[in-house]
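Asks: Letter 317 of the sequence shown, counting from 1, is numbered 316 in numbering that gives the first Met the number 0, and no numbers are missing.
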Amino acid sequence: MRIITRTDDSVEPQDWRQLLAGSFRSVESLLDYLKIPQDSIEACHQAARDFAIMVPEPFVNLMQPGNIHDPLLLQVLPQPQELDEAEGFIRDPLQEKHANVQQGIIHKYQGRLLLMAASSCAVNCRYCFRRHFPYQENRIGRQDWQQTLEYIRNDSSIEEVILSGGDPLMMQDKHLAELVSQLEEIPHVSRLRIHTRLPVVIPQRITPQLCKLLQNSSLNISCVLHINHANELSLAHKDYYQQLRNAGVILLNQSVLLKRINNDLSVLADLSKQLFEFGILPYYLHLLDPVKGASHFDVPEQEAITLHQQLMAQLPGYLVPKLVREQGGKAYKTPITT
Ligand SMILES: *Cc1c(COP(=O)(O)O)cnc(C)c1O
Ligand code: SF4
0 MRIITRTDDS
10 VEPQDWRQLL
20 AGSFRSVESL
30 LDYLKIPQDS
40 IEACHQAARD
50 FAIMVPEPFV
60 NLMQPGNIHD
70 PLLLQVLPQP
80 QELDEAEGFI
90 RDPLQEKHAN
100 VQQGIIHKYQ
110 GRLLLMAASS
120 CAVNCRYCFR
130 RHFPYQENRI
140 GRQDWQQTLE
150 YIRNDSSIEE
160 VILSGGDPLM
170 MQDKHLAELV
180 SQLEEIPHVS
190 RLRIHTRLPV
200 VIPQRITPQL
210 CKLLQNSSLN
220 ISCVLHINHA
230 NELSLAHKDY
240 YQQLRNAGVI
250 LLNQSVLLKR
260 INNDLSVLAD
270 LSKQLFEFGI
280 LPYYLHLLDP
290 VKGASHFDVP
300 EQEAITLHQQ
310 LMAQLPGYLV
320 PKLVREQGGK
330 AYKTPITT
C-alpha cells in the first residue's frame, strides 16, 4: 500500500497561513466580533489610515467580549490619540537608520546583530517603535541574503545572529531552514536568536517542521517572545511552547511597559509567574520608545522605577525582567535605576 505523506504545503484546517489571511483588518469587523458598540469610531479610522489595523483571530479570541478596555484589545485598536502631536515623540526614535549598516542589517551592539528577516508582522501593535520604519527598503529578498551572509562572514566578532523584522516567523519554514543552514556554515556564529510575536497571536505558527529544524540545528537557539499581559498565555499556547522547549530552544520574553495595559504591580507579577508556568523566563521590560503616535501608552520613568522595585520585592530574582530603555548610540540597552 502506498503511504501518502503530507507535503510541506498541505493546508490543514488550523494552518497558520490561513489564520493569518483571515486576520481582522477593519475597526468595524473587530468591534462587531467583540460585540462592542461602535459609537465614535471615525477617529479610529483616521488613526488606522496612518498605520493599518491588523489582528489575527486567535489573539482576538483571548479578549473579553464587550470590554473596550480589554488589555489585549488596547494594544491593537487604533485610537484617536494616535493623531495627537506629543513633544519628543518622533518617527525614528532609535535612530536605527544610522546602525542600518546595509540593507536588512542593524549592527549596533558588539558580538551580535539584527537581521531583518521579514518585512511584515502578523499583528500591528499600536505602540510599535517600527511603525514608521522603512521596511520596504529593508526587505531582504532571498537573492539579497548572499550579501547579508557575506557581511556576517566577514566580521568574525559576530557570534550571535538575531532574526528580527518585522517578524522573522513570517518566513516559511523551508526558507527559514535555508537561512539557518547557511548561518550554520559560518564558523564564528554559534548562537541564533529569534525575536517574534507571531506564536503569541497565532500559536499554530509553531509547526512540527519548525520544531524539527530548530532541534536539528547545530546552533544554540533562543527565542525571545513578546508578551505584555498574562491574558496572552492560554492553554493552547502552553502545548506549543512546550514543543519549542522539547526542541531545545531557550524561551525568553520581552514586554513593553504600557499605560492602561500592564503598568500595574499585580499585572506584571502575574505575567512573570504565568510566563514561568509556561517555561518562559522574563528577559526585558522596555520603556516605551517615543515613537510618533504612541504617546498615550507612555508610562513616566519614575512610575516605571517604582513598579520595578515593587516587583523585585515580591518575586524571585529570576522572575524580574530587566527594566531598560533603548537609546541611540549606546553600547547596550540602558538599564533604568534610581
Ligand atoms: C535589542 C537589540 C539587540 C539585542 O540586545 P541584547 O541585549 O543582546 O538582547 C541587538 N541589536 C539591536 C539593534 C537591538 O536593538
Ligand atoms: S509584532 Fe513587534 S515589530 Fe511587529 S508591530 Fe508588534 S511590536 Fe512591532
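No residue lacks a Cβ here, since even glycine has one placed at the ideal position from N, Cα and C.
(1) For the beta strand (DSSP E) holding L284, just list the boundary residues, first then last.
(2) Contact defined as beta carbons within less than 8 Å: I believe Q241 pairs with G278. What is the distance between those atoms, to the nearest angstrom?
(3) Per DSSP, which one or two residues make a beta bridge with E159?
(4) Go through its chain and collect everything with a Cβ distance to V179's Cβ below 6 Å, but skip five positions before and after it.
(5) Would you be able to state if there are at least three C-beta pairs under 8 Å between the region 24-37 and the region 48-65?
(6) Assuming contact is defined by CB atoms lying nearer than 8 Å, are V122 and V200 in contact in what I supplied?
(7) Would a C-beta distance cut-off of 8 Å place I185 and L168 closer than the cut-off?
(8) Leaving aside the five residues before and after M0 along the sequence, list all residues of the same chain whose C-beta is less than 7 Å from its C-beta, in chain order.
(9) Mind checking whether the beta-carbon of G103 lies closer than 7 Å to any heavy atom of ligand 2?
(10) Could you round the C-beta distance between I335 and I304 to whole angstroms and report it? I think they count as a contact, below 8 Å.
(11) In the DSSP output, which residue or residues are listed as bridge partners for T195?
(12) Please name the residue in P289, L162, M311, A293 whose C-alpha comes closest to that of P92.
(13) What beta strand (DSSP E) runs, 3 residues minimum, are completely inside the region 219-280?
(14) What residue range is occupied by the uninterrupted beta strand (DSSP E) comprising K321?
(15) Jot down the residue ranges of each uninterrupted alpha helix (DSSP H) in the region 49-110, minimum 4 residues, whole runs only, in chain order.
(16) When every heavy atom of ligand 1 is checked, does at least one fall within less than 7 Å of the C-beta of Y126?
(17) Are the beta-carbon atoms of H307 and L286 separated by less than 8 Å?
(18) Since D172 and R196 are thought to touch, with beta carbons under 8 Å apart, how far apart are those beta carbons, to the nearest angstrom?
(19) Quick check: is any heavy atom of ligand 1 less than 7 Å from the C-beta of L112?
(20) So the alpha helix (DSSP H) Q203 belongs to, where does it begin and stop?
(21) Just checking my contact of L114 with S189 at CB under 8 Å: how many whole Å lie between their CB atoms?
Replies: So, from the listed chains and residues:
(1) 280-285
(2) 7 Å
(3) R111, R190
(4) S216
(5) yes
(6) yes
(7) no
(8) Any reading at M0 must be qualified, since the residue scores a pLDDT of 43, below 50, and its modelled position is unreliable; the value itself is stated next. Same-chain partners within the cutoff: there are none.
(9) no
(10) 6 Å
(11) L224
(12) P289
(13) 219-225, 249-255
(14) 321-324
(15) 56-59, 72-75, 95-98
(16) no
(17) no
(18) Incorrect: roughly 18 Å between the Cβ atoms, too far for contact.
(19) yes
(20) No alpha helix (DSSP H) holds Q203; DSSP gives it neither H nor E.
(21) About 15 Å; that fails the 8 Å criterion.
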